[in-house]
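Which chain is which? The protein sequence lines are U and D, in order. Under this note's numbering, think of the first position of the first sequence as -9, with each following residue one higher. Under this note's numbering, think of the first position of the second sequence as -9, with each following residue one higher.
2 protein chains.
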Amino acid sequence: MPWPKSTKAVRVPKANLHSANCPTRLILDDVMSRWGSLVLVLLLERSYRFSELAYLIGGVSEKMLSQTLRRLEVDGFVRREVHATKPPKVEYSLTPLGCELGKHVQSLLSFVHKNASRVLKNRDNAKEREAG
Amino acid sequence: MPWPKSTKAVRVPKANLHSANCPTRLILDDVMSRWGSLVLVLLLERSYRFSELAYLIGGVSEKMLSQTLRRLEVDGFVRREVHATKPPKVEYSLTPLGCELGKHVQSLLSFVHKNASRVLKNRDNAKEREAG
DNA sequence: CAGAATCCCCTGCGATACTG
DNA sequence: CAGTATCGCAGGGGATTCTG
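Put into structure tokens, the structure is as follows:
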């Protein structure tokens, strides 16, 4: 990774978010992950149990859901509450920080969802142009 | 993927964003990708050439950058302009749709970046608790 | 300069089976 | 119910080389 010696000419916009060793990227791996984002949006609405999340999020495996939740918990976005009832019951909810985060994620996902058909049309056009 | 037959009791929040076959997810693969999000934020500022992006985004390989840009272009978020100068020059910029998208992505990334230190601290605490 | 193509490794992730 | 543990493979992605 050759990086120029003259620090003068180097301009890194928006802080150092784009530099390879910026720790923010490690967090983005959790937040922007396929399942992480969906979990955050769901929990924004209300708290859910493990099996509820597994049901609501189509296509997720227990392994990935578990992993996703644990990472979000470690980051401090998600709170995990165990109720020692019978059968056991575990509730997941957002911390205040996770709630703030979730709002940003939701606005992004909503936008994409709203414009999905247009984007799909763009994809079709591109494929057509390539073929024709 | 067994889905209950009674559509009555099923409540899928926020449209069907969480269902496995929702096309929105395909788009999210591009938008929420490690490099895609960084590209979008950079291009929000101004247009860039390929090599500039490759330089600014630390750690990205030419292959991944190329792939990322092509996907965002196909989706209609990024515009690619070739200037047949010598040496050749290719400029990447955002379409209006991409610009809207970029704003959402930026607000998310900014938030994460702003709270990065707190999250890292949370991680350390979690690791400590696990060890202790 | 701006990529495409090839090779190849590594790991993310699903499937399955088992525990508290 | 709410997970862990183990296995196995497809494919994501880096390094390198080649083109216009």
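Backbone N, C-alpha and C fix where the C-beta goes; we use that ideal spot for every residue, glycine too.
By how many angstroms is the C-alpha of residue j removed from the C-alpha of residue i?
i	j	result
arginine 70 of chain D	serine 9 of chain D	33 Å
histidine 94 of chain U	leucine 87 of chain U	11 Å
serine 37 of chain D	serine 83 of chain D	4 Å
glutamate 42 of chain D	glutamine 96 of chain D	19 Å
leucine 32 of chain D	proline 78 of chain D	22 Å
proline 13 of chain D	leucine 16 of chain U	27 Å
lysine 53 of chain D	serine 23 of chain D	14 Å
glycine 122 of chain D	asparagine 112 of chain D	15 Å
serine 51 of chain D	histidine 73 of chain U	47 Å
leucine 18 of chain U	leucine 55 of chain U	17 Å
histidine 103 of chain D	tryptophan 25 of chain U	20 Å
alanine 106 of chain D	serine 27 of chain U	17 Å
leucine 7 of chain U	alanine 44 of chain D	14 Å
arginine 119 of chain D	arginine 60 of chain U	14 Å
What first and last residue would you give for the alpha helix (DSSP H) that runs through residue i?
i	result
leucine 28 of chain D	24 to 35
valine 50 of chain U	Per DSSP, valine 50 of chain U belongs to no alpha helix (DSSP H) and is neither H nor E.
leucine 16 of chain D	14 to 21
alanine 44 of chain D	40 to 46
Short check: CB of residue i to CB of residue j, under 7 Å?
i	j	result
threonine 58 of chain U	valine 29 of chain U	yes
leucine 34 of chain D	glycine 92 of chain D	yes
valine 64 of chain U	alanine 116 of chain D	yes
leucine 62 of chain D	leucine 98 of chain U	no
phenylalanine 40 of chain U	valine 68 of chain U	no
valine 109 of chain D	glycine 66 of chain U	yes
Helix, strand or coil: which one does DSSP assign to residue i?
i	result
lysine 104 of chain U	helix
leucine 84 of chain D	strand
lysine 93 of chain U	helix
lysine 79 of chain U	strand
proline -8 of chain D	Only weak support exists for where proline -8 of chain D lies, its pLDDT of 39 falling under 50; the value from the coordinates is given anyway. Correct three-state label for proline -8 of chain D: coil.
leucine 110 of chain U	helix
Assuming residue i is part of the beta strand (DSSP E), what are its boundary residues?
i	result
valine 68 of chain U	68 to 73
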